[in-house]
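Presented below is the structure to which this report refers.
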Amino acid sequence: MKIIVDADACPRTVLEICLEKGGTYKVPVWTIASFNHHILSEHHVVVGGESQEADLKVLNLTVKGDLVVTQDWGLAAMVLGKGARCISPEGREYLKNRIDFMLEEREMKARYRRSGGRTRGPKKRTTAADRSFADTLEGILREMREF
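Following our numbering, the numbering of the sequence shown begins with 9 at its first residue and continues without gaps.
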């Protein structure tokens with residue numbers, strides 16, 4: 009088992025929480041990011057700057073039983089298909105029975121934006137989001153350790 013972090017757009021506090029909890033539970037933390045990011049991690053993989061390069065590397069490193077941290081819903085769907093678990097930096101676990109709905113919602117919003125509509129951007133990161141992520145991560149690590 010390993011924690012794989014899609015670190016291209018991952019908040020620094022989430023990365024720190026992953027490294028801390030990974031150390032506590034003795035689970036290696038792998039970070040994947042383009043060469044544009046400076047990340048200190050024992051298992052850091054640098055990829056090129058092309059679109060989706062980090063996502064493809066995350067997917068290639070993921071095996072059944074791993075835990076992936078990403079905010080990319082498409083990547084989350086593929087990770088779930090490989091039998092791994094996946095959570096967002098906000099602390100929401102992606103679930104197989106909801107991911108199709110989420111992808112459909114993403115496509116509807118993209119169509120709306122292409123037609124000239126505007127959607128809201130992400131909210132400012134809060135300490136409550138960090139706590140929610142830490143709690144979810146710890147719960148999953150505890151649960152996975154029991155198996």
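Glycine is no exception: its CB is placed at the ideal position from the N, C-alpha and C atoms.
For Ile148, the enclosing alpha helix (DSSP H) begins and ends at Thr135 to Arg153. Pairing Met152 with Leu145, the inter-Cα distance amounts to about 10 Å. Contact between Leu88 and Ile107 holds, with the beta-carbon distance rounding to 6 Å and staying under 8 Å.
Cys94 is bridged by DSSP to Val76. A residue is called buried once 16 or more other Cβ atoms fall within 10 Å of its Cβ, and Ala41 is buried on that count. His51 is bridged by DSSP to Trp38. Asp14 has Ile40 as its beta-bridge partners, per DSSP. The beta carbon of Arg133 sits closer than 6 Å to the beta carbons of Pro19 from its chain, once the five residues preceding and following it are set aside; these are given in chain order. Nearest Cα to Arg114 within the set Leu103, Thr127, Asn105 and Lys104: Thr127.
DSSP places Glu58 in the coil class of the three-state scheme, outside both helix and strand.
Nearest Cα to Val76 within the set Val37, His46 and Glu112: Val37. The way I'd put it, the segment 110-125 doesn't touch the segment 43-57; fewer than three beta-carbon pairs between them come closer than 8 Å. One Cα belongs to Glu101, the other to Ile25, and the distance between them is close to 16 Å.
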